[in-house]
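Worksheet for the structure shown next.
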Amino acid sequence: MIKVKVQSNRIEVSGHAMFADYGQDIVCAAASSIVITTVNGILSIDSKALSYEKTNDGLVINVLKDSLNVKKLISNMISLLKELSMQYKDNIQIYEEV
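In terms of UniProt numbering, the sequence shown is residues 1 to 98.
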């Protein structure tokens with residue numbers, strides 16, 4: 001299962017959806033696309049707005065600047081991940097500690 005832990009300035013995405021085999025998993029592909037597109041979008045606007053670290057199990061995002069654009073893009077990312085989790089409840093969960 002993909003687990004997304006949302007804190008005030010930190011987001012951890014870890015795990016595998018287990019919807020299908022590696023390379024065939026549409027839930028993992030969707031979650032990865034949402035997160036990577038958001039990170040790249042924010043960094044293209046402001047390269048110092050966030051930092052990220054790839055871990056063995058996923059990605060940790062640290063929000064360094066609290067600008068309106070960053071807030072909107074992060075909020076959009078969380079909304080898209082929530083929509084995905086509604087369709088695939090057994091494969092992705094969102095935990096908010098905000």
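The beta-carbon is built from N, C-alpha and C at its ideal position, and this holds for glycine as well.
Query - Of the residues Glu53, Tyr22, Lys48, the one placed nearest Ile36, counting alpha carbons only - result: Glu53
Query raised in the report: Whole-angstrom Cβ separation of Leu64 and Lys48, contact assumed at under 8 Å?
Result: 6 Å
Requested in this report: Would you please verify whether the beta carbon of Leu59 is less than 9 Å from any beta carbon of chain D?
Outcome: Annotation note: the requested chain D is absent from the structure, which comprises a single protein chain.
Query raised in the report: What does DSSP give as the partner residues of Leu50 in its beta bridges?
Result: Val63
Query raised in the report: Given Ala30, which residues of its chain have a CB within under 6 Å of its CB, disregarding the five upstream and five downstream residues?
Result: Leu84
Requested in this report: Count the other C-beta atoms from every protein chain shown that fall within 10 angstroms of the C-beta of Asn56, then say buried if there are 16 or more, exposed otherwise.
Outcome: exposed
Requested in this report: Answer with buried or exposed for Ile42, where buried requires no fewer than 16 other C-beta atoms within 10 angstroms of its C-beta.
Outcome: buried
Query raised in the report: Alpha carbon to alpha carbon, how far is Ile94 from Leu68?
Result: 23 Å
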